[in-house]
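Below you'll find the structure, written out as structure tokens, and then a few comments.
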Amino acid sequence: LLFQACMMLITFLPYTFSLMATFPENILGILLFCGCVMVIGVIQSVIVLYAFSRPFLLNEQIQISENRAFYKHHILKVIMRVPIMCFLASVFSFIFFQLSYALLAIVVFLPYISQGIKWCRSKAIGQVAESPDSMLFYTYLPNEPLNKERVEAFSDGVYAIVATLLILDICEDNVPDPAVVQKQFGGSLIAALQVYGPEYLAYFGSFATVGLLWFVHHSLFLHVTKATRFMGLLNTFSLAFVGGLPLAYQLTHEFPRDSQNELEAIQISCVIIFFAGIFQLTIWVVALYNEQETLHPYVWYSGREHVFMLAKLALYPCVALGTFFLTCVLSKFSAPIFHLMEITVPFAFLVLRLLVRITLAVVRFIFCPNRADLRTVVEEEVSETSVPFNAVVT
């Protein structure tokens, strides 16, 4: 029940954001947002206190610890940081509301600001000895482990919401009025629907883009064995741009054809798709730095799926970037080029593995004819050290 109350308040936060954006000089939006966050913090604190009063609900590592009180105080301190900052922001809103917005902006980066302060302090006065237990939870270090299943669940939720928004957009705005069909098109529904041709094309292209970005994300985390906080941050950035795809769908058919506004709208859509894909690629690059802990052996540098995964993750950023520059050069054909990109990329995914294998075979034949034997040896070594893996990938 406490968790449901917390989630109810969280769903109210976007409304408070809208109030702050629409009425930035009115402190009511700030007070509502800060009030919700403070109540959420209190509810989370009550959940923590309830859990520690019943040790069987706790993490196994905390259950066997001799210092449960330290864990309780440490978790409560982390939970209450943001509510305290919001309390200060609500107080300052009565005095100087601009400072309240600054405090709320600091809240977003508070964990990383605190880590920066600790780093500066260690350089100035030397390393301060910390309790070993203090490094186990909520350290906010880039390599701190995250629950991979929760990252995937949150990401799937975002993709589902984005796809739903696309569906609602086309269902709401692209159904002709019966009176208009009868008057202007002589009762022909097909003729009336032809007017919405660009909207339908933009919808199918946008939905295919969302679906394939989700597919790439799923393929990536299928090979990730351990997620870190830095990977979670990059994943959040990628999801932020994925959330802009409904806006891209609206922009691509909103303006008159062959106009400057249409060109700029298509270029904005290319930028959104590029960053949504490039952050996914960055997650994989970050994971490769510590591949033995974070990735399955199949996608290590010597793994059999390494090049294919690289091609899969790089496809959308490369295509979006190429489309952007093509629309700059061939501005009169910007809309056909963009829609052609959205339609052909799904087919590119279908033949991507074949293209990668052919390319590798040609390169290996030209530059390293003896590479086949070496690759076999490497795969045998990897298979000996690998753990059982999902049968879907196999």
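Taking our numbering, the leading residue of the sequence shown gets 1344, the next gets one more, and so forth.
The C-beta atom is built at its ideal place from N, Cα and C for all residues, glycine as well.
Since this is a predicted model, take the numbers as computed values, not measurements.
Query raised in the report: Which residue's Cα is closest to the Cα of residue 1524: 1383, 1535 and 1518?
Result: Taking the first residue of the sequence shown as 1, we reach residue 1524 at position 181. The residue with the shortest Cα to Cα distance from residue 1524 is 1535.
Query raised in the report: Using 8 Å as the Cβ pair cut-off and three pairs as the minimum, do the stretch 1370–1386 and the stretch 1438–1445 touch?
Result: Put simply, the stretch 1370–1386 touches the stretch 1438–1445. At least three CB pairs are less than 8 Å apart.
Query raised in the report: Does the distance from the CB of residue 1375 to the CB of residue 1354 come in under 8 Å?
Result: If you number the sequence shown from 1, residue 1375 lands on position 32. If you number the sequence shown from 1, residue 1354 lands on position 11. No, the pair does not count as a contact, with Cβ atoms beyond the cut-off.
Report task. Could you name the residues that DSSP lists as bridge partners for residue 1567? Result -> As a position in the sequence shown, residue 1567 is number 224, starting the count at 1. Its beta-bridge partners are 1638.
Report task. Please name the residue or residues paired with residue 1489 in a DSSP beta bridge. Result -> Translated into positions along the sequence shown, residue 1489 becomes position 146. Paired residue(s): 1570.
Requested in this report: Work out the CA separation of residue 1388 and residue 1446 for me, nearest whole Å.
Outcome: Working through the sequence shown from its first residue, we reach residue 1446 at position 103. Working through the sequence shown from its first residue, we reach residue 1388 at position 45. Going from the Cα of residue 1446 to the Cα of residue 1388 covers about 22 Å.
Query - Assigned exposure category for residue 1706 - 16 Cβ within 10 Å defines buried - result: Walking along the sequence shown from the start, residue 1706 turns up at place 363. Label assigned to residue 1706: exposed.
Query raised in the report: Just to confirm, are residue 1588 and residue 1553 a CB contact at a threshold of 8 Å?
Result: Translated into the one-based positions of the sequence shown, residue 1588 becomes position 245. Translated into the one-based positions of the sequence shown, residue 1553 becomes position 210. Yes, they are a contact pair.
Query raised in the report: How about residue 1620 and residue 1592: are their beta carbons less than 8 Å apart?
Result: Working through the sequence shown from its first residue, we reach residue 1620 at position 277. Working through the sequence shown from its first residue, we reach residue 1592 at position 249. Between residue 1620 and residue 1592, the gap from beta carbon to beta carbon reaches 8 Å or more.
Query raised in the report: CA-CA distance, residue 1401 and residue 1345?
Result: Residue numbering aside, residue 1401 sits at position 58 when the sequence shown is read from its first letter. Residue numbering aside, residue 1345 sits at position 2 when the sequence shown is read from its first letter. One C-alpha to the other measures close to 17 Å.
Query raised in the report: Smallest Cα separation from residue 1505: which of 1582, 1560 and 1567?
Result: Taking the sequence shown and counting its residues from 1, one reaches residue 1505 at position 162. Nearest C-alpha to residue 1505: 1582.
Query - Complete runs of the alpha helix (DSSP H) confined to the stretch 1483–1556 [at least 4 residues] - result: Runs of the alpha helix (DSSP H) inside the stretch 1483–1556: 1491–1516, 1521–1527 and 1532–1537.
**Report entry** Rounded C-alpha distance that separates residue 1526 from residue 1518
**Finding:** Reading the sequence shown from its first residue, position 183 is the one you call residue 1526. Reading the sequence shown from its first residue, position 175 is the one you call residue 1518. When rounded, the distance between both Cα atoms is 15 Å.
Query raised in the report: Which stretch, first to last residue, makes up the alpha helix (DSSP H) that contains residue 1411?
Result: Stepping through the sequence shown from its first residue, residue 1411 is reached at position 68. Following the DSSP letters along the chain, one finds residue 1411 inside the alpha helix (DSSP H) bounded by residues 1411–1435.
Requested in this report: Could you pull the start and end residues of the alpha helix (DSSP H) that residue 1604 belongs to?
Outcome: Taking the first residue of the sequence shown as position 1, residue 1604 is located at position 261. Segment 1603–1631, the alpha helix (DSSP H) holding residue 1604.
Report task. For the stretch 1447–1456 and the stretch 1412–1432, state whether three or more C-beta atom pairs, one from each stretch, are separated by less than 8 Å. Result -> A contact exists between the stretch 1447–1456 and the stretch 1412–1432.
Query raised in the report: So, helix, strand or coil for residue 1408, using DSSP?
Result: To locate residue 1408, count along the sequence shown from 1; it is residue 65. In the structure shown, residue 1408 sits in coil (DSSP, three-state: anything other than H, G, I, E or B).
Requested in this report: Report yes if the CB atom of residue 1614 is closer than 8 Å to the CB atom of residue 1502, and no otherwise.
Outcome: Numbered from 1 along the sequence shown, position 271 holds the residue referred to as residue 1614. Numbered from 1 along the sequence shown, position 159 holds the residue referred to as residue 1502. Taking a C-beta distance under 8 Å as the contact criterion, residue 1614 and residue 1502 do not qualify as a contact pair.
Query raised in the report: Any idea if residue 1383 is buried or exposed, counting beta-carbon neighbours within 10 angstroms, 16 or more meaning buried?
Result: By one-based count along the sequence shown, residue 1383 stands at place 40. Residue 1383 should be labelled buried.
Query - Status (buried if at least 16 other CB within 10 Å, exposed otherwise) for residue 1496 - result: Here residue 1496 refers to the residue found at position 153 when the sequence shown is read from its first residue. Burial check for residue 1496: the Cβ neighbour count within 10 Å stays below 16, so the residue is exposed.
Query raised in the report: With distances taken between CB atoms, is the gap from residue 1629 to residue 1577 smaller than 8 Å?
Result: The count along the sequence shown starts at 1 and reaches residue 1629 at position 286. The count along the sequence shown starts at 1 and reaches residue 1577 at position 234. In this structure, residue 1577 lies closer than 8 Å to residue 1629 by Cβ.
Query raised in the report: If you draw a straight line from the C-alpha of residue 1357 to the C-alpha of residue 1444, how long is it?
Result: Translated into the one-based positions of the sequence shown, residue 1357 becomes position 14. Translated into the one-based positions of the sequence shown, residue 1444 becomes position 101. Taking the straight line from one Cα to the other gives about 16 Å.
Query raised in the report: Excluding sequence positions up to five away, which residues of its chain have a Cβ less than 8 Å from the Cβ of residue 1667?
Result: Translated into positions along the sequence shown, residue 1667 becomes position 324. Excluding residues within five positions, the ones whose Cβ falls inside 8 Å are 1610, 1613, 1614 and 1617.
Query raised in the report: Nearest-angstrom Cα distance between residue 1479 and residue 1683?
Result: The residue given as residue 1479 occupies position 136 in the sequence shown. The residue given as residue 1683 occupies position 340 in the sequence shown. Here residue 1479 scores only 49 on pLDDT, less than 50, and its place in the model should not be relied on; the value that follows carries that caveat. Answer to the nearest angstrom: the Cα atoms are 50 Å apart.
**Report entry** Euclidean distance between Cα positions of residue 1508 and residue 1414
**Finding:** The sequence position of residue 1508 within the sequence shown is 165, counting from 1. The sequence position of residue 1414 within the sequence shown is 71, counting from 1. Here the alpha carbons of residue 1414 and residue 1508 stand approximately 41 Å from one another.
Query raised in the report: DSSP on residue 1644, reduced to helix/strand/coil?
Result: Your numbering for residue 1644 matches position 301 in the sequence shown. Annotated three-state conformation of residue 1644 is coil, per DSSP.
Query - Classification of residue 1475 by the beta-carbon crowding that lies within 10 angstroms, buried from 16 upward - result: By 1-based counting over the sequence shown, the position of residue 1475 is 132. Because residue 1475 sits at a pLDDT of 49, beneath the cut-off of 50, its placement in the model cannot be relied upon, and the following sentence gives the value as read from the coordinates. Exposed, since its Cβ has fewer than 16 Cβ neighbours within 10 Å.
Report task. Would you tell me roughly how many angstroms separate the C-alpha atoms of residue 1639 and residue 1632, rounded to the nearest one? Result -> As a first step, residue 1639 is located in the sequence shown; it is residue number 296 there, counting from the start. As a first step, residue 1632 is located in the sequence shown; it is residue number 289 there, counting from the start. Between residue 1639 and residue 1632, the C-alpha separation is close to 13 Å.
Query raised in the report: Using the C-alpha atoms, what's the distance from residue 1396 back to residue 1378?
Result: As a working note, residue 1378 is residue 35 in the sequence shown. As a working note, residue 1396 is residue 53 in the sequence shown. If you take the alpha carbons of residue 1378 and residue 1396, they lie about 27 Å apart.
Query raised in the report: I think residue 1489 touches residue 1575, with their Cβ atoms under 8 Å apart; what is that distance to the nearest whole Å?
Result: Your numbering for residue 1489 matches position 146 in the sequence shown. Your numbering for residue 1575 matches position 232 in the sequence shown. By a beta-carbon distance limit of 8 Å, residue 1489 contacts residue 1575. Their separation comes to about 5 Å.
Query raised in the report: Could you check where the alpha helix (DSSP H) with residue 1289 kicks off and where it finishes?
Result: No answer is possible for residue 1289: the residues shown for the chain start at 1344 and end at 1737.
Query raised in the report: What do you get for residue 1405, buried or exposed, if any count of 16 or more other CB atoms within 10 angstroms of its CB means buried?
Result: Position 62 of the sequence shown holds residue 1405. Buried, since its Cβ has 16 or more Cβ neighbours within 10 Å.
Report task. With residue 1459 as the anchor, note down where its alpha helix (DSSP H) starts and where it stops. Result -> Your numbering for residue 1459 matches position 116 in the sequence shown. First-last of the alpha helix (DSSP H) with residue 1459: 1453–1468.
**Report entry** Rounded distance between the beta-carbons of residue 1625 and residue 1569, thought under 8 Å
**Finding:** The residue you call residue 1569 lines up with position 226 of the sequence shown. The residue you call residue 1625 lines up with position 282 of the sequence shown. Between residue 1569 and residue 1625, the beta carbon gap of about 17 Å keeps them out of contact (Cβ cut-off 8 Å).
Query - Inter-residue CB distance, residue 1654 and residue 1699 (contact presumed, cutoff 8 Å) - result: The residue labelled residue 1654 in the question sits at position 311 within the sequence shown. The residue labelled residue 1699 in the question sits at position 356 within the sequence shown. Beta-carbon to beta-carbon, residue 1654 and residue 1699 are separated by about 5 Å, close enough to satisfy the 8 Å threshold.
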